[in-house]
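In what follows, a structure is listed as structure tokens, so that the remarks can point back to it.
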Amino acid sequence: MVRKIAGRIQVKGTLVAQSPIHVGGIASDPDVDMSLAIDGQGRFYIPGTSLAGALRNWLKENELEDETIWGPRLTKGDDDRGHASFIILDDGVVSGRVFEVRDGVGIDRVFGSAADGIKYNRAVLPKESKIDFGMMLDLQKAGQDGENWLGTLIQALEKGEVRLGASKTRGLGRVKLENASVSRYGLNNREAMLRTLRGQGQALTLQPQQIRATSRLSVEILWQPLGSLMVKAEADGIAVDMLPLVSTVGDQVALVLPGSSIKGALRSQAERILCTVLSLPVKDEDKSKQRFQQQLEDPRLRMTQLIFGIAAKDYIGNRSENSSENLSTPQLGLGALAIDDCYCEKKIQPDQWQAIAAAKDSKELMELLKATPLKDTQQAFHVAVDRWTSGAAEGFLYSNLEPFGLKWDAISLTLNLNRIPLNEQAPAIALLLITLRDLAAGRIPLGYGVNRGMGAIQVTQVNLQGKGFEGGLAALNSEISLFQGNLMELDGKLLTELNNAWANWLQNPSEGEAQ
């Protein structure tokens with residue numbers, strides 16, 4: 387039987403990528419491990435299923451999900467009674483065919499080098515890519531003007547609070563809705579249907595409703611490199627062997643420090659802190675790939691897994707089907723900490739960068755660099771030393787294009803406390819702040835070549851802004867600025883609360899898992 391629809395609300399606009407985006411599709415390029423989704427006309431697009439999942443997940447996190455609208459979530463053992471969603475989301479077609487390739491690698495905690503078999507790359511849509519957005523809500527009753535949650539969702543999209551696709555906590559997926567229009571169409575009588583067929587909708591203004599404040603801690607880190615800092619690009623140049631990674635920003639390109647790179651550096655330090663204070667020996671499996679997996683999934687490092695994430699199947703798969711565990715309780719999987727890509731302030735034209743990469747010799751390379759804002763960038767030559775002769779090892783001369791004297795945007799982090807059990811939130815904040823203190827103290831270099839004099843940074847200020855905190859953590863709801871990351875500048879009561887929570891957790895770090 388056809389269900390009755392009295393009218394519909396249509397939302398149209400453009401999603402503008404505030405960070406690169408990856409939504410995967412069928413492999414179409416043998417040189418890329420994770421390809422982008424492509425529709426039947428060869429266009430990059432965001433499937434409606436991906437959009438629906440991201441929007442519904444945001445509503446669920448903010449306790450606004452309505453299964454009478456979206457349809458019931460069926461799990462194993464449920465019968466097939468239910469109904470289709472009253473939400474219709476169009477595939478989001480991407481303007482243009484520009485894409486980039488990002489590398490990823492796992493770092494072995496024992497040797498500090500790339501773990502064997504954990505190298506991959508993925509195609510991404512660059513920052514400021516534009517995606518068509520179309521969404522319809524079918525109304526079941528005449529005169530129904532929509533739902534308050536829809537106005538709240540639109541507001542969240544316009545503020546850039548929703549992320550799409552993969553690696554949402556590693557710098558990818560943040561979008562912002564622009565040029566949004568909301569129209570209501572009637573379907574309950576002949577005149578209304580004729581107006582609908584002519585596209586004569588009634589403009590509608592939806593008011594967002596007040597929602598429970600989601601417990602979040604936003605962190606802004608003001609910093610500058612002390613010397614050369616870069617992330618190595620996958621492709622090599624001609625006159626120079628190793629190029630810094632750049633990313634498209636609008637119609638220009640800029641050097642970029644990916645969120646995945648920053649997150650990996652912070653995670654390694656947080657794990658080192660835990661291993662030290664808990665006296666945990668690092669597992670030393672002979673096989674590199676297995677060693678990396680064991681290091682990442684070690685249950686003794688649960689706190690870093692809560693903050694930085696772990697493959698959800700490895701945790702959920704261990705629960706029995708008859709477990710009485712509350713599935714609404716935050717589970718290990720997607721990390722609570724999201725870190726955005728960080729871009730260099732100076733940008734150049736794409737053709738200028740292509741010419742630099744294709745320069746045939748050092749003289750041409752330096753002339754091209756002087757014509758750009760990257761004039762202080764240098765070609766540095768390196769050679770491996772033969773341990774027997776103490777001379778240059780044959781065939782081991784290489785060069786880097788090392789940038790100097792550049793200013794970078796602030797590093798932006800967001801900790802979503804809804805993904806951490808309540809009794810572990812305060813120690814999680816404490817561990818994050820201790821890790822950021824080490825970053826400010828110069829103990830965590832960033833990027834490529836950190837063991838060879840590169841990647842040192844100076845942190846000038848760490849700004850904290852929380853919302854939704856109560857009790858002893860309520861002071862985080864105010865703006866807090868820490869000069870050079872000095873934790874002693876925190877409010878006295880807040881500092882005592884975090885110290886006590888951290889000390890208590892260290893006494894029984896497995897207690898949170900049991901609860």
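Count along the sequence shown starting at 1, add 386, and that's the number in the numbering used here. C-beta: ideal position from N, C-alpha, C; glycine also.
Selection from the options that minimises the alpha carbon distance to residue i
i: residue 891; options: 837, 664, 790, 773; result: 664
i: residue 604; options: 802, 885, 839; result: 802
i: residue 606; options: 627, 850, 748; result: 850
i: residue 538; options: 560, 608, 551, 446; result: 446
i: residue 629; options: 751, 692, 854; result: 751
i: residue 889; options: 844, 842, 815; result: 815
i: residue 614; options: 722, 756, 786; result: 786
i: residue 391; options: 439, 403, 455; result: 455
i: residue 471; options: 730, 389, 595, 784; result: 389
i: residue 940; options: 886, 810, 639, 398; result: Because residue 940 is not part of the residues shown, which for the chain are 387 to 901, the question remains open.
i: residue 856; options: 541, 659, 600, 450; result: 600
i: residue 631; options: 881, 736, 534, 780; result: 736
i: residue 755; options: 740, 768, 869; result: 740
i: residue 617; options: 581, 567, 640; result: 640
i: residue 626; options: 746, 450, 583; result: 746
i: residue 731; options: 771, 795, 688; result: 795
i: residue 515; options: 430, 555, 452; result: 430
i: residue 878; options: 895, 860, 894; result: 860
i: residue 482; options: 513, 453, 488; result: 513
i: residue 880; options: 870, 871, 866, 436; result: 866
i: residue 805; options: 667, 634, 458, 695; result: 695
i: residue 770; options: 762, 847, 780; result: 780
i: residue 393; options: 458, 541, 556, 569; result: 569
i: residue 875; options: 894, 848, 887, 886; result: 848
i: residue 593; options: 582, 542, 574; result: 542
Whole-angstrom C-beta distance between residue j and residue i, which should lie under 8 Å
i: residue 734; j: residue 760; result: 7 Å
i: residue 419; j: residue 508; result: 6 Å
i: residue 406; j: residue 510; result: 4 Å
i: residue 776; j: residue 765; result: With a Cβ gap of about 25 Å, residue 776 and residue 765 do not count as contacting.
i: residue 524; j: residue 643; result: No, residue 524 and residue 643 are not in contact; Cβ-Cβ is about 44 Å, not under 8 Å.
i: residue 401; j: residue 434; result: So it is not a contact: roughly 13 Å between Cβ atoms.
i: residue 812; j: residue 624; result: Incorrect: roughly 54 Å between the Cβ atoms, too far for contact.
i: residue 403; j: residue 561; result: 6 Å
i: residue 411; j: residue 424; result: 5 Å
i: residue 852; j: residue 686; result: Not confirmed; about 28 Å, so no contact.
i: residue 597; j: residue 448; result: 5 Å
i: residue 549; j: residue 557; result: About 10 Å; that fails the 8 Å criterion.
Status (buried if at least 16 other CB within 10 Å, exposed otherwise) for residue i
i: residue 789; result: buried
i: residue 428; result: exposed
i: residue 564; result: exposed
i: residue 571; result: buried
i: residue 782; result: exposed
i: residue 827; result: exposed
i: residue 808; result: exposed
i: residue 486; result: buried
i: residue 838; result: exposed
i: residue 778; result: exposed
i: residue 712; result: At residue 712 the pLDDT is 39, less than 50, meaning the model places this residue with poor confidence; the figure from the coordinates comes in the next sentence. Label assigned to residue 712: exposed.
i: residue 657; result: buried
i: residue 469; result: exposed
i: residue 408; result: buried
i: residue 662; result: exposed
i: residue 864; result: exposed
i: residue 729; result: buried
i: residue 576; result: exposed
i: residue 883; result: buried
i: residue 767; result: exposed
i: residue 869; result: exposed
i: residue 622; result: exposed
i: residue 611; result: buried
i: residue 894; result: exposed
i: residue 609; result: buried
i: residue 721; result: buried
i: residue 846; result: exposed
i: residue 704; result: Caution applies to residue 704, whose pLDDT of 38 falls short of 50 and renders its modelled position unreliable; the value that the coordinates give is listed next. By the 10 Å Cβ count, residue 704 comes out exposed.
Bridge partners - residue i, DSSP secondary structure assignment
i: residue 602; result: 802, 853
i: residue 589; result: 569
i: residue 633; result: 640
i: residue 520; result: 398
i: residue 486; result: 510
i: residue 618; result: 630
i: residue 788; result: 764
i: residue 734; result: 639
i: residue 728; result: 643
Would you say the region 820-833 touches the region 645-652, given that touching needs at least three Cβ pairs under 8 Å?
yes
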